[in-house]
Every structure is written in structure tokens, then in C-alpha cells.
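The block underneath contains the structure these notes are about, expressed in C-alpha cells.
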Amino acid sequence: FAENFQLKHPEFQNNFLKAVDDIHQKLESDLSELGVTGIDDMLLKVRDAEFTGLELLWMKEKLTNSRKKILKHETKIKMLEETIRQANLKLARLRKKPRLE
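Heads up, the working numbering is the position in the sequence shown plus 35, with the first residue counted as 1.
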């Protein structure tokens with residue numbers, strides 16, 4: 036994990052390791068609450084940490100997979116909302132038409 040860690044100054048090491056720990060804690064929680072934007076932010080932090088030599092491929096893969104699932108879920112919700120909106124418009128038009136009795 037930190038074999039090739041390039042930062043030698045303890046304060047910089049501490050800051051990066053805190054960021055990695057924060058991401059790890061969030062990985063243990065429900066990532067769907069973060070949404071795609073939150074996961075994108077976490078992916079950027081992981082990539083930044085990788086530039087220092089940390090091996091975080093497993094984190095990046097988990098975040099990427101979660102992002103794909105959340106994006107698929109959010110897309111499905113938007114499609115259903117659009118279907119409902121179209122059905123409501125159709126219902127409103129039908130209600131406005133005069134009834135034949």
C-alpha cells in the first residue's frame with residue numbers, strides 16, 4: 036500500500052494518509068448517499084494520492100464500480116420520472132377533452 040510512498044516530509048505524509056483514511060471510511064458507508072459527484076471527488080483524491088506512490092487500485096476500482104451502479108440507478112430514476120411526467124400530461128389532456136355521453 037505505502038511501499039513506494041514518495042513524500043518524505045511527515046506532515047505531507049500525514050495529510051495524504053488522512054485523506055486516504057477518510058476515503059476508506061466513506062467506502063465502508065453507503066456510497067449511494069454521496070451520489071456521482073461525491074464519488075468523483077473521492078476518485079480525484081485517490082488519483083492525487085496515487086501520484087505520491089501509494090497503491091490504491093482497489094479503492095479506485097471500488098469507487099468506479101459504485102459510480103457506475105449509482106449512475107445507472109440515477110438514469111433509471113430520471114427515465115421513470117419522465118415517463119410519469121408524460122403520463123400526467125396525457126392525463127391532463129384527457130381530462131380537458133369534453134366527455135361524450
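Positions of the beta carbon are idealized from the N, C-alpha and C atoms, including for glycine.
Burial state of residue i, where buried means 16 or more other Cβ atoms lie within 10 Å
i    : result
A122 : exposed
R137 : With the chain covering 36 to 136 only, the question about residue 137 has no answer from this structure.
M114 : exposed
S101 : buried
D84  : Reading off the sequence, residue 84 comes out as Ala, not Asp. Classification of A84: buried, given that the 10 Å Cβ count is 16 or more.
When the options are compared against residue i, the one with the closest alpha-carbon
i   : options          : result
V55 : S67, F86 and T72 : F86
CB-CB length for residue i against residue j, believed under 8 Å
i   : j   : result
L62 : K97 : 6 Å
I58 : M77 : 5 Å
V81 : K95 : 5 Å
Going along the chain, which unbroken runs of the beta strand (DSSP E) with 3 or more residues stay wholly within the region 55 to 128? Listed in chain order, the beta strand (DSSP E) runs fully inside the region 55 to 128 amount to none, counting runs of at least 3 residues.
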